[in-house]
Amino acid sequence: MKATALIAEDEPLLAANLQAELVHLWPDLHIVANVGNGQAAVDQALALQPDLMFLDIRMPGMTGLEAAQALAEDWLEGGEPFPLLVFVTAYDQYALNAFEQAALDYVLKPVQTERLAKTCERLQAALLKRAQPQPAGEPAWGNVIDQLRGLLGTSALDASPASAKAPSSAPSAGPLRMIQAGAGNTITMVPIEDVLYFEAADKYVRVVTVDREHLIRLSLRELQLQLDAHRFWQIHRGTIVRSDAIASAQRDEAGKLTLTLRGHPDTLRVSRLYTDLFKGM
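Residue numbers (the numbering used here): 1208 to 1488.
Pasting the structure below:
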């Protein structure tokens, strides 16, 4: 079966070995790109639209899981089918259970030929099934979104020596109540109830209130660990909004959701992965 694949692995020797094994096991598989970080994986996948992607979980900057999330948010619905995802990991404890539960495959480092052969068989079967006509009314994105939601909601994917320690800025007890935003020699104390939303901005996070905005030097992921998840909702990989600051959620003809806020002109886009937060009662 002919197919195209993209490999994202930051260790060159492992990437070369994986590519060589794939070429041996699947002669009709064409490797369209072999990249070393998550952002390059997203960029190349959007440009080349491969059938398959092998994503290393631990990469510089954007992890393999974050790259999959970013790709799902930017992929054009109605175009080429979303790539089948295989995650590559060195950790074989809780993470693998999460992959199995989410119905996505994985490859354990160092790559074993027999295990990779089974992965190729599963991928070929999935490609054959995808090529068959789908039942009327079945959403093309349904399975992809459900799988990614399952993975994103599984903290076990972070089970590794590198992530075992909590961020040093994590509070000792309870959710964060006050943001300390530094600018020059001044530290502004921003009560958490004044925050409308947080937005990732390079190495900083924008803290937006009704009348001001601040920058804090913290990743959105670290900040999210300190927030009350019932009150602050992630609606995009780079945006967290205070739920009671949302005035309305409007759906356009393409099914995309846009939020309006109370007392502020900004509008916020909701990615496909988080649209299930907004259902009429």
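Positions of the beta carbon are idealized from the N, C-alpha and C atoms, including for glycine.
Can you tell me which of the three DSSP states residue i falls into?
i, result
"residue 1437", "coil"
"residue 1297", "coil"
"residue 1460", "coil"
"residue 1352", "helix"
"residue 1398", "strand"
"residue 1393", "strand"
"residue 1241", "strand"
"residue 1449", "strand"
"residue 1387", "strand"
Grab the span of the alpha helix (DSSP H) containing residue i for me, first residue to last.
i, result
"residue 1465", "Careful: residue 1465 lies outside any alpha helix (DSSP H), inside the beta strand (DSSP E) at 1464-1468."
"residue 1216", "That residue, residue 1216, is in no alpha helix (DSSP H); it is neither H nor E in DSSP."
Which residue marks the beginning of the beta strand (DSSP E) containing residue i, and which one marks its end?
i, result
"residue 1476", "1471-1477"
"residue 1406", "1402-1408"
"residue 1315", "1312-1315"
"residue 1416", "1411-1416"
Once the 5 residues before and after residue i are set aside, which same chain residues still bring their CB inside 7 Å of it?
i, result
"residue 1275", "1262, 1292 and 1355"
"residue 1482", "1464"
"residue 1205", "Past the edges of the chain, shown from 1208 to 1488, lies residue 1205, and the structure says nothing about it."
Can you give me the Cβ contacts of residue i inside the same chain, cut-off strictly under 8 Å, excluding the 5 residues immediately before and after it?
i, result
"residue 1272", "1262, 1264, 1294, 1358, 1359 and 1364"
"residue 1280", "1443, 1444, 1478, 1479 and 1480"
"residue 1249", "1269, 1274, 1277, 1278 and 1281"
"residue 1416", "1397, 1401, 1402 and 1403"
"residue 1314", "1225, 1261, 1293, 1294, 1295, 1296, 1322, 1323 and 1326"
My understanding is that residue i touches residue j, with C-beta atoms under 8 Å, so please give their C-beta distance in whole angstroms.
i, j, result
"residue 1410", "residue 1424", "7 Å"
"residue 1212", "residue 1229", "7 Å"
"residue 1235", "residue 1208", "6 Å"
"residue 1334", "residue 1258", "6 Å"
In chain order, what residues of the same chain have a beta carbon less than 6 Å from the beta carbon of residue i, not counting five sequence neighbours either side?
i, result
"residue 1407", "1427 and 1445"
"residue 1452", "1403, 1468 and 1469"
"residue 1340", "none"
**OP:** Identify every run of the alpha helix (DSSP H) within the region 1264-1295, keeping only runs that are complete inside it and at least 4 residues long; order them along the chain.
**Re:** 1271-1281
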